[in-house]
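If you're matching them up, the sequences are chains A and H in order. Sequential numbering of the first sequence, starting at 507, is according to our numbering. Sequential numbering of the second sequence, starting at 14, is according to our numbering.
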Amino acid sequence: MAHVDNDIERLIVRSLDGELGEDEQLQLNRELIRNPKAQRLMEQYKQIDELAGAALHHALSSDRIPLDPAALPSRTQPQRAVRYHRGWWLVPGAIGAALLAIVVAQFSATPPAGPTLAGRNGGAANTVVPVNGRIPQPTGIMRNAGTTVRRSTGRDVFGVVGEDGNIYWIEVDRTKTFRRPKLGPGAPTSTEGM
Amino acid sequence: MAMAQQEGFDAEEPVIEAIRAGDRFAFGEFVRRHNRWVFGVIYGVLGEHDGVEDVAQQAWTAVWRRSGELRDVKRWRPWLYRLTRNAAVDAGRDVTRRRNRMQVIAKDGQATPGDTPDCHLGGHEQHGEVLAAVQALPALYREPFVLRHLNGWSYREIAEVMGMPVDSVETRLVRARRLLRDCLKDKVL
């Protein structure tokens, strides 16, 4: 068989299968008129289709169904459709809620109460009360106390129950920074992990 | 037999629902209507018609047993195709194992029965020659070819059950015919 253009061969096959549009059919008809090789190919394919269809029907057609429905095993329990990931949207929701809780906890955290100036001096050092219209002079030695900075790094762990029943642990590192007045040289040494 | 499926409505859906509810009568009707293309799928995989009925029985039993697993009733056809094809593939493995055993036994003798089928397999009749040629096709091309010629399905319908683009179906059908022509040109064409 001499060569026939692949596109024409496709058109021939699609025509035999009833898959050709009008324009394509016109194109194919024109090709068939001017190209005897294409015409021969179409005849051969048509013959193959007829022979194969008849042979397959002959070999495989059977009116007898291959099983008796009455003899099928009974389904004692109603079949339940497999449920795939219903409520999957709960997972990102839970993660979001956990993260929100972390943020809120972070902002609402206050430094632990430590010794204050008031505590050390036995009075309300941060409150100045005029006496007889004058501001009282402070007693004792005043130093610029400045501040100390303390960082505390910890890890928060949250458990989220997944849809599949497993518990997923979310670990979040957090760093807290505390600023407090620096204690004087005579003050007791801080034991807060400096 | 072309699929009696219109856009948006499939008359088989209530039948499928009945089967899922355990209706044996509905199942019998369903088998009767679709048994031919199930045969076609199995033949397409096995490449021989011996044993097709046995495999169909296994496939239909699986359909009955697992109908509750069908999630989208509208997609019953690809689901049925998949169950059928799996049953055929499993059976095909058994056939291959049997053939291999036969070949080992036959190696001591002269003949090697059960060799890979070629164009010369089959009887002298035209049907036999054509069937042998179809059997000799790679399964890749044979499956859509059988669905097209046994059931008269459109490219779109074949593409839907086989889960492939329509263009691929077309390509496979062109190649199947090309191979068949090469195989049959000196015999029946």
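Backbone N, C-alpha and C fix where the C-beta goes; we use that ideal spot for every residue, glycine too. A quick note: this is a predicted structure, and the numbers were derived from the prediction, not measured.
- In the three-state scheme derived from DSSP, where H, G and I count as helix and E and B as strand, H/Trp77 is classed as helix.
- Annotated three-state conformation of A/Arg536 is helix, per DSSP.
- Counting of Cβ neighbours within 10 angstroms places A/Val663 among the exposed residues, the total staying below 16.
- Close to A/Leu557, with beta-carbon spacing below 7 Å, are these residues of chain H in chain order: Gln139, Val143 and Val201.
- Chain H places a beta carbon closer than 9 Å to that of A/Leu566, counting this residue as a contact.
- Contact note: A/Gln553 reaches chain H through Val201 and Leu202, using a C-beta cutoff of 8 Å and chain order.
- Non-local beta-carbon contacts of A/Ile514 in its own chain, meaning distances under 6 Å to residues more than five positions away in sequence, involve Glu537 and Ala544 in chain order.
- Around the CB of A/Ile673, fewer than 16 other CB atoms lie within 10 Å, so the residue is classed as exposed.
- Rounded to the nearest whole angstrom, the C-alpha separation of H/Ser80 and H/Arg185 is 31 Å.
- H/Val143 is not a Cβ neighbour of H/Leu192, given a cutoff of 9 Å.
- Bridge partners of A/Ile676 according to DSSP: A/Phe664.
- Rounded to whole angstroms, the Cβ separation of A/Leu534 and A/Leu526 is 7 Å, and the two are in contact under 8 Å.
- One finds nothing in chain H with a Cβ atom closer than 8 Å to the Cβ of A/Arg680; even the nearest lies about 44 Å away.
- Residue state for H/Ser167 is assigned as coil, using DSSP reduced to three classes.
- When the alpha-carbon of A/Gly660 is set against those of A/Gln612, A/Gln531 and A/Pro636, the nearest one is in A/Gln612.
- For A/Lys682, the beta-bridge partners assigned by DSSP are A/Ser658.
- Spanning the alpha carbons of H/Arg188 and A/Ala603 requires a straight line of approximately 58 Å.
- Looking only at H/Phe38, H/His47, H/Gly53 and H/Asp36, the smallest Cα-Cα distance to H/Arg161 is reached by H/Gly53.
- Bridge pairing for H/Arg155: absent [DSSP].
- Of the residues assessed, A/Pro572 falls on the buried side of the cut-off, its CB having 16 or more other CB atoms within 10 angstroms.
- For H/Val76, the closest C-alpha among the options H/Ala34, H/Tyr154, H/Tyr56 and H/Gln148 is that of H/Ala34.
- Residue contact with chain H for A/Gly527: absent (no Cβ-Cβ distance below 9 Å to any residue of chain H).
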